[in-house]
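Okay, structure first, notes after.
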Amino acid sequence: MIILNNFSRIFSLLSLLFIIILSLVVLINSRKLLNKLFFLLTLILDLWVFGSFMMLSSTADAQVIFWDRFIYAAVVFWPALQYHFSLAVTYINKKRRIALAVAYLLSPVFLVLSQTDYFVKDVFRYAWGAHTQAQFLHHFFVLFFAVYGLLFFYNMIKQYRREHFRVEKKRLLYYILGFCVLDFIGGTAFFPAYLIPFFPVFLATPLIFSLIISYAIVYFGLMDVKLIMRRYFVYSMSLISVLVPTYLCLYDINAFYPRYLFPASLIIFAISLTFFARIKNYFYKFSNKHFFSSLYDFNELIYNLNNRLRASLDIKQIFQSTITILSEAFHSKAIAVINYEKKTETWTVVINNGFDFKRKNIPLKYQLAADAFSGNTPLAIASLFDIFGSANRGTSEYLEKVGVQLMLPIKIKQSKLVSFMIFGQKESGEVYNSKDLRVLESVAAEIGISLENALLYQSVTKFNVKLKEEISKATKQLQAQNEALTILDKAKTEFVGIASHQLRTPLTGIRWFTELLMQNKEKNLNREQLDFLNQVDKSNHRMISLVNDLLDVTHIETGRKFDIIKTEFKLDDVIQEVIKENVALLTTKKLTLLNQIAPNLMIYADSDKIKQVWQNLISNATKYTQEKKAINLSVAENSAGELVFCVQDEGIGIPKDQQSQIFAKFFRANNATLQESDGTGLGLYIAREIIRAHGGEMWFESEENKGTKFYFSLPMATKKKMAVTIKKETNVININNKIKKYA
Amino acid sequence: MPKKILIVEDDLSLAKALRVSLEGEKFEVIEAHDGLEGLAAAEKNLPNLILCDINMPKMDGLSMLSAMRQTDWGKDLSVIMLTNFSDGDKISEALKNSVFRYLVKSDWDLAHIIEEVKKEMK
């Protein structure tokens, strides 16, 4: 009997202790209605156990009745609160709301009634203690208790049966189990009131209840108080381990050696205190190892993630880093990243760590509600049901089947993609708690920013790549064009070679046979026929010089310049030849040609080319000078030791606005074309190129309608340094006198 | 004894014009129409002067010239290259083989060529 008494006392004390701690723990996360209700329920349990303990220990009738009424003052609210709790776990509709209102209305009624003699009266004593007897109104309370108790279980079991998600099911199961213990075993507390001598095992029910709920809190995250549970677990287990032996020891010493109680108790307390710290430490470690292996520091995690993400601009790497860090924190069995493409409504697995998707494309066929994942709020798989609705039950079920417990939508601005990180169960079997969810919210925001950066970077990179491609394409095009041009240029050069031979040969034939004919050896050609032949010869000459000019230009164009073959020669010979060739026009125009260049001047240059220059300058001067005017040829030595030749005419001059272009290829001044229809505009260009090929330069001074002076310099780059003496001797050619000679 | 001149020219009409002019000046003219023929004719006749074209079938003028310069009989023969090429490489190659004069055909009258020939003969 003593043991039984002890037993009931120990358990009632432990029940009290546990339930107080549990109620305080749950209260910590009191933002939720569920937690508030649970706290009130545990408060009732506290009062009930305390009252029962007091009642059983009481001896006087008045005391017994007082404590029993004390109990009922609390217990009357139990059915209503318990029913309310079931609604908080499941759902509320109109009917349920009415039922709840009725319960809350009846509770104060029973509160008042419970304090009357019509509720409990008289005391009945059992072997283990005293109890009141139930009266007429008490039956109604039992009925109220039973009806709302059954409604509670109906709600819970109904929800349990329709619940699809394992974790939610487990949670419900543990609630049901806990409340079963309370209501059915705890309900036996009514028996003594009806004179049934049932041992008050009910005193232990809050203890069992709190153990069941604690377990569920740790493993299934009930009421989001898991972390607090660690402290709760460590302290309560330490307390039990210390208090139970201490209490038993003291009790036994008191029973058998009451004289030594005081010194013994001192020793025992001392030992208990020493052990408490160690036991607490042991339980702390134990709890960490088995229940809280995923404890992590929120700030540290965010800091680490920040560091990692900052270093990366690669989308896959961003996800990979995040997965690594979250895996360390959560110890999730699986984490994956899936993408949802709004346009095509398809899901793609980007990264998969541990899920068994079988295929890369998840067979999900539903439209994502636009605002379903509006924020970066993590979604428990259970709530997907609410979001997707019954139409998409398959999706939620599929996700649950592969073991998804949590989906974290990651919103990226300006992206048609919605990415999700999906999380499997934790290795510890725990569910994700509110701290995890808070972390994930921050994580989602972080990743979102990083992904945006990465996408920006990607688009910049893409643009760069495109740019490079464009450039290389353009370069290739240019190269191809260049090659084509090179081929064309080669073809041109080849053409020049062919042309030089092929055009010159027939022109030579015409030239020579015309010459033979013009000799008129048989004297059988009349004057007119000879004149015709002269015209043929003139035309042919023009043709030949045209071909020569074109060949020269082509030579310059192809960068081969001129092949300058220098020899030493008497310049005067060349000049005389040129005069001879121009004598016809000189004579016709009655021009005076004044040659001031010393007849014995020897120069070292390419005689043919220099002749070409003189030919060009003299023929120009002849062409563009009006009748009876003069042309003057002279030479001087400049400060650099170069010979500077000058061909001066009194011709039409070069208009100022066209002077800059006079050496340009194919250019002919306006006034020149008016006067002379033929001419290619190549002569001066070639002449200057020839002079430049000799290392000299050509320039001019001109005034319109007054005349032009063409100068060209020839450096004295002689094989043997020649002493040039320019005699101031004038060599005036009287054209009119010479006509006969050349005619 | 008239001076012998060998004309190596593949264009028959040009060869004829040259022959007519030179014969008018009392030269003995031998004609060949490619390099090989020219080489054979030169060895056989040992002319006082060769007027030689460059671009010819079978053997071109420059090859003929360098072949001839290798021989005892041909190393000192007078040659005037008479061509319509004005290409620098060909000119410098011809000069290397001590050609007296290099003339671009189309640039010269027959009278002038005969003047050059007479100059060379002196």
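As you go down the protein sequences, you meet chains A and U in turn. So the first sequence is numbered by my numbering: it starts at 85 and just counts up by one. So the second sequence is numbered by my numbering: it starts at 30 and just counts up by one. Virtual Cβ for every residue (Gly too), placed ideally from N, Cα, C.
| Check | Outcome |
| --- | --- |
| Taking 9 Å as the CB-CB limit, is GLY53(U) close to chain A? | yes |
| Where does LYS134(U) land, buried or exposed, given buried means 16+ other C-beta within 10 angstroms? | buried |
| Between the C-alpha atoms of ASP440(A) and TRP431(A), what's the straight-line distance to the nearest angstrom? | 15 Å |
| Round the Cβ separation of VAL637(A) and LEU766(A) to the nearest angstrom and send it over; I've been treating them as touching at under 8 Å. | 6 Å |
| Is THR126(A) buried or exposed, if buried means 16 or more other CB atoms sit within 10 Å of its CB? | buried |
| Taking only beta-carbon atoms, is LEU766(A) less than 9 Å away from chain U? | no |
| For ILE628(A), go through chain U and note every residue whose CB falls closer than 8 Å to its CB, in chain order. | SER135 and ASP136 |
| Could you round the C-beta distance between MET85(U) and GLY64(U) to whole angstroms and report it? I think they count as a contact, below 8 Å. | 6 Å |
| Tell me the residue span of the alpha helix (DSSP H) that contains GLY53(U). | 41 to 53 |
| Cα-Cα, which of ASN437(A), ASN423(A) and ASN383(A) is closest to THR408(A)? | ASN437(A) |
| Does the beta-carbon of PRO462(A) have 16 or more other beta-carbons within 10 angstroms, so that it is buried, or is it exposed? | buried |
| Less than 8 Å between the CB atoms is what I'm expecting for LEU68(U) and ALA96(U), so what's the real figure, rounded? | 6 Å |
| Starting from ILE149(A), follow the alpha helix (DSSP H) in both directions and report where the run begins and ends. | 145 to 159 |
| What residues match up with PHE796(A) in a beta bridge as DSSP calls it? | PHE729(A) and MET782(A) |
| Find out if the Cβ-Cβ distance for the pair GLN792(A), GLY725(A) is shorter than 9 Å. | The sequence shown places Thr at residue 792(A), rather than the Gln named in the question. No. |
| Looking only at its own chain, which residues have a Cβ that is under 8 Å from the Cβ of ALA827(A), when we skip the five neighbours before and after it? | Model confidence at ALA827(A) stands at a pLDDT of 32, short of 50, so the residue's coordinates are unreliable and nothing is read from them. |
| Which residue wins for smallest C-alpha separation from PRO284(A), given the options TYR258(A), TYR424(A) and PHE95(A)? | PHE95(A) |
| Could you check what DSSP says for GLN563(A) in three-state terms: helix, strand or coil? | helix |
| Considering only C-alpha positions, which residue in the set PRO281(A), ALA187(A), ASN679(A) and TRP783(A) is nearest to LEU227(A)? | ALA187(A) |
| Name, please, each residue of chain U whose Cβ falls closer than 7 Å to the Cβ of PHE597(A). | ALA46 |
| Can you tell me which of ASN722(A), GLN743(A), ASN704(A) and ARG752(A) puts its alpha carbon nearest to the alpha carbon of GLU734(A)? | ASN704(A) |
| Residues of chain U with a CB under 8 Å from the CB of LEU655(A): which are they? | Those do not exist, as LEU655(A) stays about 19 Å from chain U at its closest Cβ, beyond 8 Å. |
| The alpha helix (DSSP H) spanning ALA172(A) covers which residue range? | 162 to 173 |
| Counting only C-beta atoms, is LEU80(U) closer than 9 Å to chain A at any point? | no |
| Look up LEU98(A) in the DSSP assignment and give the residues it is bridged to. | Bridge partners of LEU98(A): none, in fact. |
| With a CB to CB cut of under 6 Å and the five nearest residues on each side skipped, what residues in its chain are close to LEU35(U)? | ILE59, ALA70, ALA71, PRO76 and ILE79 |
| Measure the Cβ-Cβ separation of PHE236(A) and GLN166(A) and say whether it is below 9 Å. | yes |
| The alpha helix (DSSP H) with LYS654(A) in it runs from where to where? | That residue, LYS654(A), is in no alpha helix (DSSP H); its beta strand (DSSP E) goes 651 to 654. |
| Which residue comes first and which comes last in the alpha helix (DSSP H) that contains LEU766(A)? | It is not in any alpha helix (DSSP H) - LEU766(A) carries neither H nor E in the DSSP assignment. |
| Around the Cβ of GLU530(A), are there at least 16 other Cβ atoms within 10 angstroms (buried) or fewer (exposed)? | buried |
| Please compile the residues from chain U whose C-beta is within a distance smaller than 8 Å of the C-beta of TYR600(A). | Per the sequence presented here, residue 600(A) reads as Leu, with Tyr not at that position. Going along chain U in sequence order, the residues near LEU600(A) (Cβ under 8 Å) are ALA46, VAL49, SER50 and LEU139. |
| Taking 9 Å as the threshold (C-beta atoms), are LYS242(A) and THR200(A) in contact? | no |
| What residue does the alpha helix (DSSP H) around ARG180(A) start on, and which one ends it? | 178 to 198 |
| Kindly list the residues whose CB is nearer than 8 Å to the CB of LYS6(U), restricted to its own chain and excluding five residues on each side of it in sequence; keep chain order. | Look at the range of chain U in this structure, 30 to 151, and you will see that residue 6(U) is not part of it. |
| Quick one: what does DSSP say LYS254(A) is sitting in, helix, strand or coil? | helix |
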